[in-house]
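Visitor: Here the sequence shown is numbered in the working numbering, starting from 397 and rising by one per residue. Note that beta-carbon positions come from the ideal geometry of N, C-alpha and C, so glycine has one too. Before anything else, here's the structure in question.
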Amino acid sequence: MEEPFDRPLCTAVAALIRQQIATPPDVGIILGSGLSAVAERVVDPVVIPYESLPGWPRSTVEGHKGELIVGQWAGHTVLVLNGRAHYYQGYSMAQLALPVRVLRMLGVTRLIVTNAAGGLEPGFRVGDLMLITDHINLVGMAGLSPLRGPNDPTLGPRFPDMSQAYDPALQNLARSVAKAKGLFLREGVYVMVAGPAYETPADIRFLRLIGADAVGMSTVPEVVAARHAGMAVLGLSGITNVARFTPSPEKTSHEEVLAASLAIGPRLRDLIGGVLERL
């Protein structure tokens with residue numbers, strides 16, 4: 397049986413990071429595909445390549461730099477994951493959860509997760525920002541969970557409650573910041589699929605039928621691990637392509653997703669910066 401929480405490894409990685417930073421972080425930020433611009437606001441950054449951290453899942457997909465950035469932003473010490481690994485790369489759910497568990501061991505109590513997502517809600521447009529109000533853990537329903545295996549009660553409960561996976565207070569804060577800054581902010585439910593193939597029109601119709609507004613290939617395992625460990629989570633999606641409900645000769649590509657993400661990055665950075673200023 398897979399061990400979901402390797403405490404010795406997480407402890408060792410946390411110790412390596414502590415040796416390189418002056419102040420423990422209180423906010424963690426995970427950046428999705430093509431969203432590196434968000435990290436440009438970090439002051440006096442310490443950059444730690446993922447390759448230097450044993451057991452850390454590495455980003456091999458274009459648009460994910462693969463580095464930790466620790467520094468100051470709006471009065472907080474933030475730890476930014478500039479790029480994430482994905483299940484389709486061959487990592488287990490436990491490996492994908494390792495960064496979140498290390499963040500918690502370092503003192504992070506609030507986590508901001510971002511992603512590039514496909515819009516399922518017919519009114520969504522490429523370039524929209526979406527506040528994640530809830531998610532559908534489709535891969536979890538299929539038996540893939542970072543919590544599978546023996547539970548470590550020092551990290552969290554055996555059966556964590558997920559009725560408020562995304563913190564209501566942080567959601568309200570994001571809404572307030574978006575309004576104050578004139579940023580158009582959609583809201584909706586995110587669903588994770590395993591990937592890496594994009595969805596068929598039949599997939600799209602099914603996902604819409606079960607209540608999803610946006611679809612992506614990440615985020616949910618991180619949120620499950622964060623909530624298990626008692627962290628408050630804010631989720632934000634950048635809509636980088638829109639769903640095709642019927643067969644179409646037009647093709648979705650990763651290049652299309654990255655181009656849209658680059659355009660979304662500055663607005664997402666402003667939104668996150670405003671949230672940090674009010675925390």
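Going by alpha carbons, who is nearest to Ala-628 out of Gly-479, Arg-506, Glu-463?
Guide: Among Gly-479, Arg-506, Glu-463, the Cα nearest to that of Ala-628 is on Arg-506.
Visitor: Could you please give me the residues that DSSP links to Glu-463 through a beta bridge?
Guide: Pro-445, Asn-478.
Visitor: Taking C-alpha atoms, which residue in Trp-452, Pro-441, Gly-479 lies nearest to Gly-467?
Guide: Nearest option by C-alpha distance: Pro-441.
Visitor: Answer with buried or exposed for Glu-651, where buried requires no fewer than 16 other C-beta atoms within 10 angstroms of its C-beta.
Guide: With fewer than 16 other Cβ atoms within 10 Å, it is exposed.
Visitor: Roughly how many angstroms separate the alpha carbons of Trp-452 and Pro-495, rounded to a whole number?
Guide: Going from the Cα of Trp-452 to the Cα of Pro-495 covers about 7 Å.
Visitor: What does Gln-468 pair with, by DSSP beta-bridge criteria?
Guide: BP columns for Gln-468 point to Val-439, Thr-473.
Visitor: Buried or exposed for Arg-500, going by 16 or more other Cβ atoms inside 10 Å?
Guide: By the neighbour-count rule (16 or more Cβ atoms within 10 Å), Arg-500 is buried.
Visitor: Taking the beta carbon of Gln-416 as the centre, do at least 16 other beta carbons fall within 10 Å, making it buried, or is it exposed?
Guide: Exposed is the call here.
Visitor: With distances taken between CB atoms, is the gap from His-624 to Gly-545 smaller than 8 Å?
Guide: Cβ atoms of His-624 and Gly-545: not closer than 8 Å.
Visitor: Would you mind reading off the limits of the beta strand (DSSP E) that contains Thr-636?
Guide: Segment 628-638, the beta strand (DSSP E) holding Thr-636.
Visitor: With DSSP collapsed to three states, give me the class of Met-397.
Guide: The pLDDT assigned to Met-397 is 45, lower than 50, so where the model puts this residue is not dependable; a value taken from the coordinates is nonetheless given after this. Met-397 falls in the coil class under three-state DSSP.
Visitor: On a Cα-Cα basis, can you pick out the residue from Val-476, Ala-408, Thr-407, Ser-448 that is closest to Gly-428?
Guide: With distances taken between Cα atoms, Gly-428 lies closest to Val-476.
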